[in-house]
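Just so you know, the protein sequences line up as chains D and C, in that order.
Heads up: the first sequence begins at 171 in the numbering used here, then just goes up one per residue.
Heads up: the second sequence begins at 9 in the numbering used here, then just goes up one per residue.
What follows is a short report on a single structure.
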Amino acid sequence: MDTSGKIFSEKVRRSSVERLRYLNHKRVLVYGLVGAGICTLLALALTYRYPIAAVARPEQASFSSEAVEKGAALARIGDCSTCHTADGGGPFAGGRPLATPFGTLFSTNITSHEGTGIGSWSPAAFRRAMRSGVSRDGKHLYPALPYEHFIYATDADLDALYAFFMTRRAIATTQPVNRLYPPLGFRPLLAGWKMLFLHGGIWQPRTDRSVEWNRGAYLVEGFAHCGACHTPRSIAGAEMAAHAYAGGWAEGWYAPPINGQNPAARDWTIDSLYTYLRTGIDMNHGAAAGPMAPVTYNLAHAPASDVHAIAVYVASLMGKTQNTEVGMAPLTQHPDAAAQDHPIGAALFAGACSGCHGPGAPMMTQGRPLLSLGSAVQEAEPRDVVQIILHGLKSPTGGSGPYMPAFADSFTDSQIAEIAGYLRSRYTDHPAWPKLNEALAQAREEGGQP
Amino acid sequence: MTITLHVNGRDHTLEADPSTPLLYVLRDDLELNGAKYGCGLGQCGACTVQVDGRAVFSCLTPIAALEGRQIRTVEGLGTVDQPSRLQAAFLTEQAAQCGYCIAGMIMRAQALLDEKQHPTEAEIRSHMDANLCRCGTHMRILRAIRRAAGLPSTEGF
């Protein structure tokens with residue numbers, strides 16, 4: 171029987187079917203690719219932002235001294251100098267590394283230098299950068315610039331801030347290259363981020379609240395960008411609005427909740443918030459540390475009325491609508507139980523810490539806050555206690571008084587964990603911190619003072 | 009508690025309360041009087057010694073933290089006849105006035121030089137920030153450190 175012809179024709183039939191399928195696949199593939207290409211182009215087109223023409227740097231005399239002064243105050247409230255000044259660098263000349271979960275960014279030069287700063291930016295370009303996160307040349311800016319908050323700033327305020335920066339000394343710098351995990355160096359992706367997370371518009375005052383509360387709300391939600399640290403962020407790095415002010419992370423430090431969940435041993439009041447924000451320390455709540463220290467340094471130089479308005483608004487976030495007396499309930503102390511649970515911690519505390527923090531120590535007789543009053547020991551996270559032991563504390567407002575020395579080189583990680591465990595047990599009623607060793611390892615890795 | 013401390017390459021076993029600051033043990037038990045008691049609060053640096061190569065305040069370092077760690081004091085650097093390079097630089101620059109802070113200054117500076125042979129001026133200044141001299145010979149002290157680090161002396165700085 172000759173089957174070869176049949177097999178052959180079968181082959182031809184099959185192959186032609188396959189060929190058709192192949193052609194179909196090819197067509198689908200080609201159409202798909204063309205479609206995807208069009209989509210990509212469309213998407214890229216959507217990410218496009220036009221450049222705004224460069225201008226000659228405005229004459230300093232073209233700005234009124236009132237505008238410059240107002241801008242200076244807003245720059246203090248916005249804590250601009252902290253991120254935009256590098257260690258040993260000129261003021262506002264940028265170049266400071268900012269560690270983020272997505273890699274390291276370097277802040278930009280915002281002095282009036284025309285080539286490397288923002289000297290050739292028009293007021294419109296400056297407003298767009300602040301509110302939409304777009305550079306004068308059309309490049310998307312990373313949300314390390316908290317435009318999620320600056321979006322609420324008024325034109326008049328942004329123009330005042332512009333006047334302030336345009337009258338700062340021009341400093342030429344070389345911008346370091348960001349070190350981000352790929353593909354995040356591709357800035358058009360930020361347009362997508364903004365579409366998802368950048369909302370808000372003109373700030374609407376609430377008629378049922380005082381003028382001062384509204385001023386505080388405008389500043390806290392806007393220029394002061396408190397939520398940038400005190401609100402937890404999603405894995406995309408956006409603030410989680412549903413958990414506003416419920417505590418977040420900032421440069422290796424834990425920014426405690428400043429809403430109803432605030433863990434202070436004695437409730438904050440408007441007066442105590444004002445004192446803390448203005449001086450970096452409050453006798454019933456402890457001292458500002460980590461990234462909060464420069465914030466208080468700047469607020470010490472901001473208008474008193476604005477800082478008070480901020481205190482009024484933050485107090486309201488914590489559920490306090492009016493100023494009250496600080497409750498003077500006796501403070502928790504469990505020295506015996508703590509020494510039993512942490513004998514090594516107790517011995518290390520006695521030798522290293524009690525000279526300042528123990529009963530009768532000179533610092534305590536000068537009326538400094540007891541350790542139980544410090545928010546750090548009360549927080550759900552041990553990170554701040556660990557950071558303070560590792561790196562010490564300096565006066566945030568630049569005073570020359572006593573400071574807390576760093577113990578990073580004196581103690582091993584397990585010894586610091588013992589001390590932290592002892593503090594938690596002695597000075598609070600809260601359960602022991604789990605994962606103290608992990609907190610230490612991370613704190614050592616991320617470093618201390620910003 | 010009974011504890012063995014490794015000081016300047018030698019073991020010393022002694023009996024003391026675990027919270028005893030290292031400074032007291034160095035001076036009272038081991039008769040190493042280089043490190044001085046200044047403030048007892050970690051504010052002045054007169055008590056500075058090295059633990060595992062890093063500068064620490066011995067007045068705030070309880071011995072309970074030191075089992076198995078290497079302690080070095082100014083006595084471990086050199087002798088009167090054979091001063092170390094850094095000690096010789098302090099002598100040449102006449103960096104001591106009353107001398108109370110000098111042992112601490114030398115031990116802090118040595119920790120930097122051990123880590124980095126030729127530090128920058130900024131690194132020296134930021135590293136030495138923790139130690140104070142009440143006579144005000146900071147400029148001479150900085151010159152001595154620069155000399156030991158092989159940096160230009162920058163007279164009058």
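Backbone N, C-alpha and C define an ideal beta-carbon position, used for all residues, glycine too.
None of these values were measured; they are calculated from a predicted model.
What is the DSSP secondary structure of residue i, reduced to helix, strand or coil?
| i | result |
| --- | --- |
| Ile451 (chain D) | strand |
| Tyr388 (chain D) | helix |
| Met336 (chain D) | helix |
| Arg594 (chain D) | helix |
| Arg62 (chain C) | strand |
| Glu615 (chain D) | helix |
| Met574 (chain D) | strand |
| Gln345 (chain D) | coil |
| Gly362 (chain D) | helix |
| Tyr483 (chain D) | helix |
| Gly272 (chain D) | The residue asked about is misnamed: residue 272 (chain D) is Phe in this sequence, not Gly. Looking at Phe272 (chain D) - three-state DSSP - the assignment turns out to be coil, as it is neither helix nor strand. |
| Glu23 (chain C) | strand |
| Ser161 (chain C) | coil |
| Gly456 (chain D) | strand |
| Met533 (chain D) | helix |
| Arg80 (chain C) | strand |
| Tyr424 (chain D) | strand |
| Gly417 (chain D) | coil |
| Glu588 (chain D) | helix |
Applying the criterion that 16 or more other CB atoms from any shown protein chain within 10 Å of the CB defines a buried residue, is residue i buried or exposed?
| i | result |
| --- | --- |
| Gln548 (chain D) | buried |
| Asn41 (chain C) | exposed |
| Leu94 (chain C) | buried |
| His126 (chain C) | exposed |
| His369 (chain D) | exposed |
| Tyr388 (chain D) | buried |
| Met9 (chain C) | exposed |
| Cys253 (chain D) | buried |
| Ile208 (chain D) | exposed |
| Phe141 (chain D) | Past the edges of chain D, shown from 171 to 620, lies residue 141 (chain D), and the structure says nothing about it. |
| Gln510 (chain D) | exposed |
| Ser380 (chain D) | exposed |
What in chain C is Cβ-close to residue i, meaning under 9 Å?
| i | result |
| --- | --- |
| Gly521 (chain D) | Asp25, Pro26, Ser27, Thr28, Pro29, Leu30, Leu68, Thr69, Pro70, Ile71, Ala72 and Ala73 |
| Gln557 (chain D) | Residues of chain C passing the Cβ test: none, with the nearest at roughly 17 Å. |
| Gln585 (chain D) | Ala72 and Ala73 |
I'd like the list of long-range same chain contacts for residue i, defined as Cβ closer than 7 Å, with 5 residues on each side in sequence excluded.
| i | result |
| --- | --- |
| Leu610 (chain D) | Val556, Asp583, Ile586 and Ala587 |
| Ala508 (chain D) | Ala516, Tyr592, Ser595 and Arg596 |
| Ala576 (chain D) | Leu560, His561 and Gly562 |
| Ala294 (chain D) | Ile222 |
Note down, in chain order, each residue of its chain lying with its Cβ closer than 8 Å to the Cβ of residue i, except the 5 sequence neighbours on either side.
| i | result |
| --- | --- |
| Gln431 (chain D) | Ala416 and Gly417 |
| Glu131 (chain C) | Leu120 and Lys124 |
| Met171 (chain D) | Residue confidence for Met171 (chain D) is low, a pLDDT of 46 falling below 50, so the modelled location carries little weight; the figure read from the coordinates is stated next. Nothing meets the Cβ criterion. |
| Pro427 (chain D) | His400, Tyr415, Ala416, Gly417 and Pro433 |
| Ser161 (chain C) | Arg151, Arg154 and Arg155 |
| Thr145 (chain C) | Ala103, Ala104 and Gln105 |
Compute every distance between the C-beta of residue i and the non-hydrogen atoms of the ligand PLP, then say whether any falls below 7 Å.
| i | result |
| --- | --- |
| Leu31 (chain C) | Only the bare structure without any ligand can be found here, which leaves the ligand PLP out of the picture. |
To the nearest whole angstrom, what separates the beta carbons of residue i and residue j, a pair I think is in contact under 8 Å?
| i | j | result |
| --- | --- | --- |
| Trp373 (chain D) | Gly392 (chain D) | 7 Å |
| Glu286 (chain D) | Thr343 (chain D) | It should be pointed out that residue 286 (chain D) corresponds to Thr in this sequence rather than to Glu. Contact holds; Cβ gap of about 5 Å. |
| Leu642 (chain D) | Ala73 (chain C) | With chain D running from 171 to 620 in the structure shown, residue 642 (chain D) is simply not present. |
| Gly397 (chain D) | Glu409 (chain D) | 5 Å |
| Ser282 (chain D) | Arg227 (chain D) | 6 Å |
| Val390 (chain D) | Ile480 (chain D) | 6 Å |
| Asp437 (chain D) | Gly521 (chain D) | With a Cβ gap of about 34 Å, Asp437 (chain D) and Gly521 (chain D) do not count as contacting. |
| Ala340 (chain D) | Ser290 (chain D) | Between Ser290 (chain D) and Ala340 (chain D) the Cβ distance is about 11 Å, and since that is not below 8 Å, they are no contact. |
| Lys240 (chain D) | Ala323 (chain D) | Actually they do not touch by this definition, with Cβ atoms about 12 Å apart. |
| Ala394 (chain D) | Gly248 (chain D) | 7 Å |
| Ile71 (chain C) | Val33 (chain C) | 6 Å |
Can you list, in chain order, the residues of its chain with a C-beta nearer than 6 Å to that of residue i? Leave out the 5 residues immediately preceding and following it.
| i | result |
| --- | --- |
| Phe165 (chain C) | Since pLDDT at Phe165 (chain C) reaches only 48, below the 50 mark, its modelled position is unreliable, and the value read off the structure follows with that caveat. Taken in chain order, the list of residues that qualify is empty. |
| Cys106 (chain C) | Cys143 |
| Thr494 (chain D) | Thr439 |
| Cys67 (chain C) | Pro29, Leu31, Gly48 and Cys55 |
| Thr401 (chain D) | Glu409, Ala414, Tyr415 and Gly418 |
| Ala97 (chain C) | Ala152, Arg155 and Ala156 |
| Cys109 (chain C) | Ala54 and Cys141 |
| Ala111 (chain C) | Gly42, Ala43 and Val82 |
Would you mind telling me which residues of chain D sit closer than 7 Å to residue i, beta carbon to beta carbon, in chain order?
| i | result |
| --- | --- |
| Gly50 (chain C) | Pro575 |
Would you mind telling me which residues of chain C sit closer than 8 Å to residue i, beta carbon to beta carbon, in chain order?
| i | result |
| --- | --- |
| Pro572 (chain D) | Leu49 and Gln51 |
Who are the neighbours of residue i on chain D, taking C-beta pairs under 9 Å?
| i | result |
| --- | --- |
| Arg62 (chain C) | Ala578, Asp579 and Ser580 |
| Val59 (chain C) | Asp579 and Ser580 |
Who are the neighbours of residue i on chain C, taking C-beta pairs under 7 Å?
| i | result |
| --- | --- |
| Ile514 (chain D) | Ala72 |
| Ala517 (chain D) | Pro26, Ser27, Pro70 and Ala72 |
Along chain D, which residues have their Cβ under 8 Å away from the Cβ of residue i?
| i | result |
| --- | --- |
| Phe65 (chain C) | Pro575 and Ser580 |
Verify the CB distance criterion: does residue i have a CB-CB separation below 8 Å to chain E?
| i | result |
| --- | --- |
| Leu211 (chain D) | Among the chains of the structure shown, chain E does not appear; the protein chains present are D and C. |
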